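Quick notes on the structure that follows.
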Amino acid sequence: MGIMANHVPIVVALKISQMRIHRGEKEDLYTVNGGFAEFSNNVLTVVADSAENAEDIDVNRAHAAEQRAKARAQNAKTADERARARVALARAINRINTSKVR
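According to UniProt numbering, the residues represented by the sequence shown are 1 to 102, in order.
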């Protein structure tokens with residue numbers, strides 16, 4: 001989803017994904033792990049569960065998190081444990097993919 005200047009006010013839920021923010025000629029890329037974004041009066045406000053600038057991603061740490069999440073998913077004994085492992089895996093993959101774009 002893209003939001004241009006002078007867009008009507010909007011509030012949206014954020015999923016585990018990438019977020020590009022353009023300010024003039026500058027573009028920043030972030031990983032976002034859920035939350036909300038509000039755009040009103042040409043101001044974007046993001047309230048995220050967590051966010052990380054692509055330039056700050058430690059790829060080795062992200063790969064380690066991916067392996068831990070896969071192991072947790074395989075060893076999960078309850079539906080809740082499986083769901084938590086899937087979310088952790090999605091976050092790790094999002095960080096890895098975002099680091100490749102920077």
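Positions of the beta carbon are idealized from the N, C-alpha and C atoms, including for glycine.
Given the structure is predicted, the values throughout are model-derived calculations rather than measurements.
Asked: Whole angstroms is fine: what's the gap from L29's alpha carbon to V59's?; Found: 15 Å
Asked: In the DSSP assignment, find the unbroken beta strand (DSSP E) run with H22 in it and report its ends.; Found: I10 to R23
Asked: What separation, rounded to the nearest whole angstrom, lies between the Cα atoms of A90 and I16?; Found: 7 Å
Asked: Using only alpha-carbon positions, find the residue among V12, Q67, N42 and N97 that is nearest to I57.; Found: N97
Asked: Which stretch, first to last residue, makes up the beta strand (DSSP E) that contains A48?; Found: V43 to A48
Asked: Look at the alpha carbon of M19 and the alpha carbon of R84, and state the distance between them as a whole number of angstroms.; Found: 23 Å
Asked: Please report how far the alpha carbon of H22 lies from the alpha carbon of I93, in whole angstroms.; Found: 24 Å
Asked: Work out the CA separation of T31 and E52 for me, nearest whole Å.; Found: 5 Å
Asked: Go ahead and label N41 buried or exposed: buried means 16 or more other beta carbons lie within 10 angstroms of its beta carbon, across all protein chains shown.; Found: exposed
Asked: Between G35, V12 and H63, which lies nearest to K100 when the distance is taken from Cα to Cα?; Found: H63
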